[in-house]
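>
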Amino acid sequence: MNSIALCPGSFDPITSGHLDVIERAASLYRKIIVGVAVNPLKKPLFSVDKRLEMAKTAIAEYCPDMEIIVDVFDSLLIDFARKHEASVIIKGLRAVTDFEHEFQMAQLNQVMAPDIETIFLMAHSKFTYLSSSAIKEIASYGGDVEGLVPKNVEISLREHFSS
Ligand code: PNS
Numbered sequence: 011m012n013s014i015a016l017c018p019g020s021f022d023p024i025t026s027g028h029l030d031v032i033e034r035a036a037s038l039y040r041k042i043i044v045g046v047a048v049n050p051l052k053k054p055l056f057s058v059d060k061r062l063e064m065a066k067t068a069i070a071e072y073c074p075d076m077e078i079i080v081d082v083f084d085s086l087l088i089d090f091a092r093k094h095e096a097s098v099i100i101k102g103l104r105a106v107t108d109f110e111h112e113f114q115m116a117q118l119n120q121v122m123a124p125d126i127e128t129i130f131l132m133a134h135s136k137f138t139y140l141s142s143s144a145i146k147e148i149a150s151y152g153g154d155v156e157g158l159v160p161k162n163v164e165i166s167l168r169e170h171f172s173s
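Each residue of the sequence shown is one higher than the one before, counting from 11 in this note's numbering.
1) Please tell me whether, using a cut-off of 7 Å, the distance from the CB of P18 to the nearest non-hydrogen atom of ligand 3 is below it.
2) Output needed for F56: all residues of its chain with C-beta closer than 8 Å, excluding positions within five of it in sequence on either side, in chain order.
3) Does the beta carbon of M132 fall short of 7 Å from some heavy atom of ligand 1?
4) Kindly list the residues whose CB is nearer than 7 Å to the CB of T138, restricted to its own chain and excluding five residues on each side of it in sequence; keep chain order.
5) If you scan the stretch 12-80 from start to end, which runs of the beta strand (DSSP E) of 3 or more residues do you find wholly inside it?
6) Ligand 1 and K52: does the residue's C-beta get closer than 7 Å to at least one heavy atom of that ligand?
7) Measuring CA to CA, which of L38, R92, P160, S150 is closest to I129?
8) Bridge partners for L103 per DSSP, in chain order?
9) So the candidates are H28, I126, I14, F109; which of them puts its Cα closest to the Cα of K136?
10) Could you tell me whether any non-hydrogen atom of ligand 1 is closer than 7 Å to the CB of L87?
11) Between L131 and A35, which are expected to be in contact by the criterion C-beta below 8 Å, what is the C-beta distance as a whole number of angstroms?
12) So G157 and A133 are supposed to be a Cβ contact under 8 Å. How far apart are they, rounded?
13) Leaving aside the five residues before and after F109 along the sequence, list all residues of the same chain whose C-beta is less than 6 Å from its C-beta, in chain order.
14) Mapping DSSP to helix, strand and coil, what is V121?
15) Could you check whether the Cβ of M64 sits closer than 7 Å to any heavy atom belonging to ligand 1?
16) Measure the Cβ-Cβ separation of R61 and P50 and say whether it is below 8 Å.
Printed below as a string of C-alpha cells:
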C-alpha cells in the first residue's frame, strides 16, 4: 500500500480544524502533502503565497516531527496527487452540509483517477462549526478568533483587517 496522502484545500486561512485533520492524517500515513489550491474562482482573501506561508508556519509549530510537506497547486487535484505520488486524498467532513459538495468532488476524482482513493475524516466535535469563511467574517469585524486559528494566523488576520 502506498503511504503518501494528500490533504488539499484553499486554506484561506488555515484553521485549527484543518490542523486537527492534518495531524490525524499524519498519524495514519507515513507522509502527508498539504496542497494549497491557487483557486482564483473562489476570490481568496489572502494571496496564495501568504496562504502557503501561514500553513507552513502553523504546521511547523503544531505538527512538529511529522513528515508533512506543504506545496501550492494550480491544476487538477488528481494531477497534483500524482506529482507527489499520493494515492489517497484526505478531506475533513464537518456536517451534512459539507457532504453533497465533497461527495460530488470525490466521485468526479474517482471517475478521472480510479487509482486514487478519497477518504473522509470526521471533524473533531470541537471544530464542527468552524470554517475559514466564518473566521474571516469574525476577524473583519474585529472579533476574537483565539483558539479557532493558529497564533500566526490570528496575527495575520489582525494585520490584514487593521491596514
Ligand atoms: O478548502 P476547499 O476550498 O474546500 O478546497 C477545495 C479544493 C481545492 C480541494 C478543490 O477545489 C479542488 O480539488 N480544486 C482543484 C481543481 C480540481 O481538481 N477540480 C476537480 C474536482 S471537482
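Virtual Cβ for every residue (Gly too), placed ideally from N, Cα, C.
So, to answer that:
1) Because ligand 3 does not appear in the structure shown, any question about it cannot be addressed here, the ligands present being ligand 1.
2) One-based indexing of the sequence shown puts residue 56 at position 46. Around F56: D22, P23, M64, S166, H170.
3) For the purposes of this step, residue 132 is taken as the residue at position 122 of the sequence shown. No.
4) Start at 1 with the first residue of the sequence shown, and residue 138 comes out as number 128. Cβ within range, chain order: R104, A105.
5) 14-19, 41-47
6) Mapped onto the sequence shown, residue 52 falls at position 42. Yes, the Cβ of K52 comes within 7 Å of a heavy atom of ligand 1.
7) One-based indexing of the sequence shown puts residue 129 at position 119. Ranking the options by Cα distance to I129, first place goes to L38.
8) By 1-based counting over the sequence shown, the position of residue 103 is 93. BP columns for L103 point to M132.
9) Stepping through the sequence shown from its first residue, residue 136 is reached at position 126. That would be H28, whose Cα lies nearest to the Cα of K136.
10) Reading the sequence shown from its first residue, position 77 is the one you call residue 87. Checking every heavy atom of ligand 1 against the Cβ of L87, one is found closer than 7 Å.
11) If you number the sequence shown from 1, residue 131 lands on position 121. If you number the sequence shown from 1, residue 35 lands on position 25. Yes, L131 and A35 are in contact; Cβ-Cβ is about 7 Å, under 8 Å.
12) The sequence position of residue 157 within the sequence shown is 147, counting from 1. The sequence position of residue 133 within the sequence shown is 123, counting from 1. That belief does not hold up - the Cβ atoms of G157 and A133 are roughly 15 Å apart, past 8 Å.
13) By one-based count along the sequence shown, residue 109 stands at place 99. Taken in chain order, the list of residues that qualify is empty.
14) Reading the sequence shown from its first residue, position 111 is the one you call residue 121. If DSSP states are grouped into helix, strand and coil, V121 belongs with the helices.
15) Counting from one through the sequence shown, the residue named residue 64 turns up at place 54. For ligand 1, not one heavy atom lies less than 7 Å from the Cβ of M64.
16) One-based indexing of the sequence shown puts residue 61 at position 51. One-based indexing of the sequence shown puts residue 50 at position 40. Not closer than 8 Å, so no.
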